[in-house]
Amino acid sequence: MSKIGTSKMRSFLVLPVIAAAALGAVALSYSPAKASSEGPEMEKIEWSFNGPFGTYDRNQLRRGYKVYKEVCATCHSMHFVHFRNLAEKGGPEFTEGQVKTLAAEVTVQDGPDASGEMFERPGEARDVFPSPYANEEAAAAVLGAPPPDLSVIAKAREGGPDYIHALLTSYTDAPADVTLPAGGHYNPVFTAGSGIIAMPAPLSDGQVEYEDGTPNTVDQMSRDVSAFLMWTAEPKLEQRKTLGFQVMLYLVALAGLLYFVKRKVWADVH
Amino acid sequence: MSGESTYNPGNGFSRWLDARLPVMRLVHDSFVDYPTPKNLNYWWTFGGVLSLCLGIQILTGIILAMHYIPQTELAFGSVEHIMRDVNYGWLIRYVHANGASMFFIAVYVHMFRGLYYGSYKAPREVLWILGVLIYLLMMATAFFGYVLPWGQMSFWGATVITNLFGAVPLVGESVRTWLWGGFAVGDPTLNRFFSLHYLFPFLIAGVVVLHVWALHVTGQNNPAGVEVKDPKKDTVPFTPYATVKDGFAMSMFLILFAYFVFFNPNGLGEPDNYIVANPLKTPAHIVPEWYLLPFYAILRAVPDKLGGVILMFSAIAVLFVLPWLDTSKVRSARFRPLYRQFFWIHVAACIGLGWCGAQTPDTIIIHSASGGGFDVTDLARILSGYYFLHFLVIFPLLGLKEKTRALPDSIADSVLGKSASASAKA
Amino acid sequence: MADIHAEEPTRRDFLYVASGAFAAVGAACAVWPLIDQMNPDASVLALASIEVDISAVPVGQEITVKWRGKPVFIRHRSEAEIAAAEAVDVSTLRDPQTDDVRLKNNPEGKLAKEWLVLIGICTHLGCIPLAYKGEYDGYFCPCHGSVYDTSGRIRKGPAPTNLEVPPYNFVSDTKVQIG
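Residue numbers (this note's numbering), protein chains in the order written: chain A, 4 to 273; chain B, 529 to 954; chain C, 376 to 554.
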């Protein structure tokens, strides 16, 4: 019968074992139930914001914003994003002047004024991105299903930006054994509807003019808008990772110091 | 160990205060001079880690409550407001959300430590029971808290769990309506869950005080499971020995915590909870947070609704009577070779139950030739069966049948014996 | 067991002190976000500056706008009001200020004497004074009777200082930005 070993040696493994168990449990508990097991493999893209030191590509975010504004915003609202967010650090980082211009392109309802009437005025930095429809019912009436708000869509779907990119680039003709209902389109990535989605393919090559000369293929536009949607969902990503690095460094140093303190204190007991 | 207080007030103010409200004496006797067995290993640091977690959750929670709005139309937006506009709001929110998971990681380690080393056995029965009570309060607190962001999982998790109360015969429907404050989960439900979520952590803190008090009456258990015989040889003062060890353990724990908060803040969560709650659309898979999965699996293992509820609550209820189920005279699994094996099987069963809870019940694990096969529900039933077998059958029987190993004479001997044999081997 | 040598305590103490200090610094850094979160957040700061169209305010009238949750009076002063404000002997005032220092330049660089911009909160205990009331046709606070002149300066009553002038500037001849 094997002995457990000295208490000191064994219990040192406590934290690494727990960490491994925690991360293992995360992997175990969640992988089989994921939608991706029923759908096609999603392309895993090397996003610039991946990994512990990832950051957003400013130009990509600006291109992505243009795609959202010119294509997606026709149907999809973004209730939690304000024009002023476009100028904040860690995002597309437009200038204050550019933000003012972009905001002024839209009209916003305001009021009531002194005579009790609602009125329209040009948008300002503090305004929310405009909603294409007055309410969800009006939105649903157009295509049969309400287009979801896109503010946090990159966190609301398994696979995040990879899923969004895969969805936008996977529209194909329906296979022979699938009959499309009226208003339905075939997209194998859309497992939530078993491959049938109410949104028609929103992108086509050359649809959005890119000022920086990047080729505006469907794949490129999909990547750019997916990255932009990741930013709208996680605008503090860069601050989070930077602070995380500093905190980790500090904690490792602290743990090291406390370890030596512990050894010193316990020296005469061992 | 309740013995003579060794506190000696050093200055005039300390003497003055000590005569009126001996707090310094209490702190000194409980956390400075308190005799701690010298052979405790790192599994014993999780009590301190749990106190750290409770403190972090209360601190971040109170701050979040300064910005959160408990109304169905505004709740989700208020959380996004915290994430985007409030200074460091994203940090406080991620610490609180991941802190709940860290709290449960620590409490499971703490509980399994108790099971392995027999810390629930006499004279520590009340200590154990208070601990199970804390665990129950933690689960309720976590349940209330998860509803607050008002995502799809928040709403539907609340609906499923409150519906369970409807299974109780006669009064079930009334109780369910009473819990809801309406005919379904809605604004009244959200508001009261917010109030209770704020309240319960302070109930937890109160029971923790009782828990530590009960601990100090009997003294800690230790890896050898042998009681302290001579405090001078077997124990060391809590400060600085246990204080620095707990401090080191906390810093290591914080490293894991920081990994989740800064580099994987949504890894332990569900994407569906970033979709605003929709009472007219059920998500494809309703799953509770990972730390409730084993009980969810037990609930779904029983085909009958009321039966599932009873079995699920029994799984927790059985923990309360554990001290009387185990008949062994030996505490620590270190000296119980047979029990030790069953212990690890039990750990595997609990992890397995957690896995089952995350799957759809009809997912096939082993396909049979005729189609269908051994599915998740079958596995959940086997593992639930083992869970109860372990406590209700194995615990009593083992105590009577097991040949235990020879116990060391004292803690000091167990510490010295190891170093003696180690140096003999060297 | 181990002897305590003469040099050991200093090395050991240094380690303890260093660790304690390191932990304390970390705790202080950790506390800052918990305090800063109560400072005005981004959505509040976004409303910190407003632009007001003053083209529709006729001479001898004023409008009230909301800025940072407070009322701001924008008065289009007449020649008579300007003259009355300038004629005051500043040394007799409780809070001595000339009319000029309470005004700003227009976009052409000249002092815009006809525009008076004030935070409409009485400096006594915070009520909102009434416009064109009181002995000087400036402002009168009904709560405790403070009287202000056509430059918003305190003349009678319990208020200790003149009505506060907020930070503002003329974006154009018809637009003023407050804050």
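By construction, the Cβ of each residue, glycine as well, lies at the ideal position given by its N, Cα and C atoms.
- Message: Within a Cβ cutoff of 6 Å, which residues of the same chain sit near B/Cys878, ignoring the five residues on either side of it in sequence?
- Response: Pro822
- Task: Could you tell me which of C/Asp416, C/Leu390, C/Lys508 and C/Gln436 sits nearest to C/Val492, measuring between CA atoms?
- Result: C/Gln436
- Report the residues of the region 235-250 of chain A with a CB closer than 7 Å to any CB of chain B, ordered along the chain. Pro238, Lys239, Arg243, Lys244, Leu246, Gly247 and Val250
- May I have the straight-line CA-CA distance separating A/Lys103 from B/Phe711, to the nearest angstrom? 47 Å
- Task: Determine contact between the region 745-759 of chain B and the region 635-647 of chain B, defined as no fewer than three beta-carbon pairs at a distance below 8 Å.
- Result: yes
- Task: Measure the alpha-carbon distance for B/Asp557 versus C/Ser394 and round it to whole angstroms.
- Result: 25 Å
- Message: Below 9 Å on C-beta distance, what does B/Tyr616 contact in chain C?
- Response: Trp407, Pro408, Leu409, Asp411 and Gln412
- If we cut at 8 Å on Cβ distances, does A/Leu261 have a partner in chain C? yes
- Message: Between B/Val875, B/Leu582 and B/Ser779, which has its C-alpha nearest B/His918's C-alpha?
- Response: B/Val875
- Item | C/Tyr543, enclosing beta strand (DSSP E) - first and last residue | Tyr543 to Phe545
- Query: Per DSSP, B/Gly901 is paired with what?
  - Reply: B/His895
- Message: For the alpha helix (DSSP H) containing A/Thr58, name the first residue and the last one.
- Response: Note, A/Thr58: premise wrong, no alpha helix (DSSP H); not H, not E.
- For the region 688-701 of chain B and the region 621-632 of chain B, state whether three or more C-beta atom pairs, one from each stretch, are separated by less than 8 Å. no
- Item | Contacts of C/Ser394 in chain A (Cβ-Cβ under 7 Å) | Leu260, Leu261 and Val264
- Task: Compare the C-beta of A/Lys158 against all C-beta atoms of chain B and say whether one is closer than 8 Å.
- Result: yes
- Task: Inspect the beta-carbon positions of B/Ile826 and B/Ser912 and report whether they are closer than 8 Å.
- Result: yes
- Span of the beta strand (DSSP E) around B/Thr564: Pro563 to Pro565
- Which one of A/Leu261, A/Asp271 and A/Ala148 has the shortest CA to CA distance from C/Ala398? A/Leu261
- Contact list for the region 124-137 of chain A against chain C, Cβ threshold 8 Å: Ala128 and Arg129
- Item | Members of the region 416-430 of chain C that neighbour chain B once the beta carbon cut-off is set at 7 Å | Asp416, Ala417 and Ser418
- Message: Please confirm whether B/Val926 has its beta-carbon closer than 8 Å to some beta-carbon of chain A.
- Response: The sequence given here places Leu at residue 926 of chain B; Val does not occur at that position. False, the Cβ-Cβ gap to chain A never drops below 8 Å.
- Query: For B/Gly576, which residues from the same chain have a beta carbon less than 6 Å from its beta carbon, with the 5 sequence-adjacent residues on both sides left out?
  - Reply: Asp774
- Query: Buried or exposed: which applies to B/Gly899, given that a residue is buried once 16 or more other Cβ atoms fall within 10 Å of its Cβ?
  - Reply: exposed
- Which residues in the same chain as B/Thr687 place their Cβ atom closer than 6 Å to its Cβ, once the five residues preceding and following it in sequence are excluded? Val713
- With A/Asp227 as the anchor, note down where its alpha helix (DSSP H) starts and where it stops. Val221 to Ala236
- Chain-ordered chain A contacts of B/Asn794 [CB-CB under 7 Å]: Lys158
- Task: Let me know the alpha helix (DSSP H) ranges lying completely inside the region 430-511 of chain C, each 4 residues or longer, listed in chain order.
- Result: 454-461
- Task: Identify, in the order they occur along the chain, each residue of the same chain with its Cβ nearer than 7 Å to the Cβ of A/Leu170, setting aside the five sequence neighbours on each side.
- Result: Asn190, Val192 and Phe193
- Rounded straight-line distance, which links the Cα of A/Ala141 to that of B/Val637: 52 Å
- Query: How many angstroms separate the CA atom of A/Pro55 from the CA atom of A/Gln242?
  - Reply: 11 Å
- Inter-residue Cα distance where the pair is C/Pro433 and A/Gly119: 21 Å
- Determine the burial state of C/Trp407: buried for a count of at least 16 other Cβ atoms within 10 Å of its Cβ, exposed for fewer. exposed
- Query: Using the beta-carbon of each residue, which ones in chain A are nearer than 7 Å to C/Arg387?
  - Reply: Lys267
- Query: Quick one: Cα of B/Lys833 to Cα of A/Ser173, how far?
  - Reply: 42 Å
- Query: Is the CB of B/Ser681 under 8 Å away from at least one CB in chain C?
  - Reply: It is worth fixing the name first, because residue 681 of chain B is Met in this sequence and not Ser. Closer than 8 Å: no.
- Please go through the same chain and pick out, in chain order, the residues whose beta-carbon is closer than 7 Å to the beta-carbon of A/Ala36, but skip the five residues on each side of it. With a pLDDT of 34 at A/Ala36, under the threshold of 50, the predicted position of this residue should be treated as unreliable, though the coordinate-derived value follows. Nothing listed; no residue qualifies.
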